[in-house]
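Student:
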Amino acid sequence: MQNNPFSAELVDRLAVARRVVVLTGAGVSAESNIPTFRDVGGLWAKFRPEELANVNAFLANPSLVQGWYRERKRIATEAEPNAGHHALAGFEALFDDFALVTQNVDNLHQRAGSRKIIELHGNITRSYCIDCKLKHDEDDSRTVLPEGHASICCPACNGLIRPDVVWFGEMLPAHAIENALLAARRASVCLSIGTSAVVYPAADIPLVAREAGAYVAEINIEPSAIAAMLDESVIGSSGNVLPVLVDAVREARRSMKKYAT
Ligand code: BV8
Ligand code: ZN
Numbered sequence: 124m125q126n127n128p129f130s131a132e133l134v135d136r137l138a139v140a141r142r143v144v145v146l147t148g149a150g151v152s153a154e155s156n157i158p159t160f161r162d163v164g165g166l167w168a169k170f171r172p173e174e175l176a177n178v179n180a181f182l183a184n185p186s187l188v189q190g191w192y193r194e195r196k197r198i199a200t201e202a203e204p205n206a207g208h209h210a211l212a213g214f215e216a217l218f219d220d221f222a223l224v225t226q227n228v229d230n231l232h233q234r235a236g237s238r239k240i241i242e243l244h245g246n247i248t249r250s251y252c253i254d255c256k257l258k259h260d261e262d263d264s265r266t267v268l269p270e271g272h273a274s275i276c277c278p279a280c281n282g283l284i285r286p287d288v289v290w291f292g293e294m295l296p297a298h299a300i301e302n303a304l305l306a307a308r309r310a311s312v313c314l315s316i317g318t319s320a321v322v323y324p325a326a327d328i329p330l331v332a333r334e335a336g337a338y339v340a341e342i343n344i345e346p347s348a349i350a351a352m353l354d355e356s357v358i359g360s361s362g363n364v365l366p367v368l369v370d371a372v373r374e375a376r377r378s379m380k381k382y383a384t
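So the sequence shown is numbered by this note's numbering: it starts at 124 and just counts up by one.
(1) Measuring only from the beta carbon, is E154 closer than 7 Å to any heavy atom that is part of the ligand BV8?
(2) Tell me, which residues are paired with H259 by DSSP?
(3) For a test of the three-state rule: what should DSSP assign to I275, helix, strand or coil?
(4) Going straight from the alpha carbon of I342 to that of L314, what length do you get?
(5) Just the C-alpha distance for L268 and S130, rounded to the nearest angstrom, thanks.
(6) Could you give the distance in angstroms between the alpha-carbon of G207 and the alpha-carbon of H232?
(7) From A371 to G362, what does the alpha carbon distance come to, in whole angstroms?
(8) Is any non-hydrogen atom of the ligand BV8 found closer than 7 Å to the C-beta of D219, if you look at the structure I gave you?
(9) Quick one: using the 10 Å Cβ neighbour count with 16 as the cut-off for buried, is S378 buried or exposed?
(10) So, helix, strand or coil for Y323, using DSSP?
(11) Applying the criterion that 16 or more other CB atoms from any shown protein chain within 10 Å of the CB defines a buried residue, is Y323 buried or exposed?
(12) Can we count L182 as close to the ligand ZN, meaning its CB is less than 7 Å from some heavy atom?
(13) Give, in chain order, every unbroken run of the alpha helix (DSSP H) that is at least 4 residues long and sits entirely within the region 208 to 249.
(14) May I ask you to report which of helix, strand or coil DSSP gives L175?
(15) Measuring only from the beta carbon, is P329 closer than 7 Å to any heavy atom that is part of the ligand BV8?
(16) Let me make sure I understand the geometry here. Which of R238, N227, L283, S237 has the alpha-carbon closest to that of Y251?
(17) Excluding the 5 residues flanking N156 on each side, which residues of the same chain have their C-beta closer than 7 Å to its C-beta?
(18) DSSP on P204, reduced to helix/strand/coil?
(19) I want to check one thing, is the minimum distance from the CB of L295 to the heavy atoms of the ligand BV8 below 7 Å?
(20) Cα separation between I316 and E215?
(21) Taking three-plus beta-carbon pairs below 8 Å as touching, is the region 343 to 362 in contact with the region 186 to 196?
(22) Okay, do the region 174 to 187 and the region 324 to 344 touch, 3+ Cβ pairs below 8 Å being the bar?
(23) For T200, does the count of other Cβ atoms within 10 angstroms reach 16, so buried, or fall short, so exposed?
(24) Going by DSSP in three states, L368 sits in which element: helix, strand or coil?
(25) From the DSSP secondary-structure annotation, give me the bridge partner or partners of A131.
(26) Where A348 and N281 are concerned, what is the direct C-alpha to C-alpha distance, given to the nearest angstrom?
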């Protein structure tokens, strides 16, 4: 095996696996020029999480938080999925039972064609009214900016519009975390890709998978907070490593078939 950053064991395990769970974080979108959260120059560089990504900050200064998300939504919409997103979209077809559990809200996995996605922290392309829960599309011409208000309000009840993302201190959507943990418990291989693994309960996913007997590898440009608890730490960027890993698994399956006949 040429000098791949990942082990032959990881390829072999993926080649025979039927159930795979993948957890992704902001690092997967870094090569699409979407700033990560905690890397130098990341989203939190200007603001701290407690300043923006929580409901109290939103209620205290709705136009600041709405503006921050509007800017992030613009960046995400203008960005393109990268080779790592596309490799993961191709990956799901290789397994009977595959779950792409993402912390990312940028919609790039969806745009790359992944279908078996579990959105742990929501999706920045969706918004809703905090009072009547009416779904809101930013381009909605009925959007009202009441006189003297700098924040976007609901055309139906004048309530504040918020992004459909999970803020700190908020529960994750019950179906999302339940399905993610189910997938982790039954997986034979788990990949944790582009996440610092500091946010919970998302960071539990690889640990639950390992606890249940899965082989767990992370792909990151540097070891994450949980690297020492995993079976393998692959150092490399997801846009480079993932296409090579998917090809290696396909190749391993081809040779297994050849020798099986
Ligand atoms: C909750 C959405 C019940 C909004 C986000 C247990 C223990 C400790 C703390 C807690 C706990 N349970 C709850 C908490 C509190 C809190 C928490 O985890 N705090 C942390 C900071 C300590 N969790 C919560 O509040 C969660 N809610 O549990 O409810 C509850 C409530 C109150 C009290 C108890 C229980 C809700 C968490 C969700 C918060 N929302 N985002 C938005 O996007 O604005 S979190 C935010 O961080 C994003 O979703 C992001 O995805 C997530 C994780 O960050 P990463 O994706 O990992 O990104 P990061 O920049 O950190 O790392 C990037 C990585 O990529 C790096 O490792 C880098 O090396 C790597 N990388 C860079 N380039 C590349 C690369 N890798 C590969 N290739 C590259 N090219
Ligand atoms: Zn409303």
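Where is the CB? At the ideal position from N, CA and C, for every residue including glycine.
Please read these numbers as outputs of a predicted model, since none were measured by experiment.
Tutor: This is what the structure gives:
(1) True, at least one ligand heavy atom lies under 7 Å from that Cβ.
(2) Among the bridge pairs identified by DSSP, H259 is matched with S250.
(3) In the displayed model, I275 falls within coil according to three-state DSSP, outside both helix and strand.
(4) Answer to the nearest angstrom: the Cα atoms are 7 Å apart.
(5) Note that L268 scores a pLDDT of 46, beneath 50, so its modelled location is shaky; the value from the coordinates is reported in the next line. Each residue's alpha carbon lies about 56 Å from the other.
(6) Inter-residue distance for G207 and H232 is about 9 Å (C-alpha atoms, whole angstroms).
(7) The alpha-carbon of A371 is positioned some 15 Å away from that of G362.
(8) No - the ligand BV8 has no heavy atom lying nearer than 7 Å to the Cβ of D219.
(9) By the neighbour-count rule (16 or more Cβ atoms within 10 Å), S378 is not buried but exposed.
(10) Of the three classes helix, strand and coil, the one that applies to Y323 here is coil, per DSSP.
(11) Here Y323 is exposed: its Cβ has fewer than 16 other Cβ atoms, across all protein chains shown, within 10 Å.
(12) No, since every heavy atom of the ligand ZN falls outside the 7 Å radius drawn around the Cβ of L182.
(13) Taken in chain order, the unbroken stretches of alpha helix (DSSP H) that lie wholly in the region 208 to 249 and span 4 residues or more are 231 to 234.
(14) Collapsing the DSSP output to three states places L175 in a helix.
(15) Distances taken from the Cβ of P329 to the heavy atoms of the ligand BV8 include none shorter than 7 Å.
(16) Taking only the C-alpha atoms, the option nearest Y251 is L283.
(17) Close CB contacts of N156 within its chain, under the 7 Å cut and outside five residues either way in sequence, are with A202 (chain order).
(18) DSSP places P204 in coil when its eight states are reduced to three.
(19) At least one heavy atom of the ligand BV8 is nearer than 7 Å to the Cβ of L295, so yes.
(20) A straight-line Cα-Cα distance of about 15 Å links I316 and E215.
(21) Touching, no, given that fewer than three Cβ pairs across the two stretches are closer than 8 Å.
(22) Here the region 174 to 187 makes no contact with the region 324 to 344; the two share fewer than three CB pairs at distances below 8 Å.
(23) Only exposed fits T200, as fewer than 16 other CB atoms lie within 10 angstroms of its CB.
(24) L368: helix per DSSP, three-state reduction.
(25) The partner list for A131 (beta bridge, DSSP) is empty, contrary to what the question assumes.
(26) Here the alpha carbon of A348 sits roughly 43 Å from the alpha carbon of N281.
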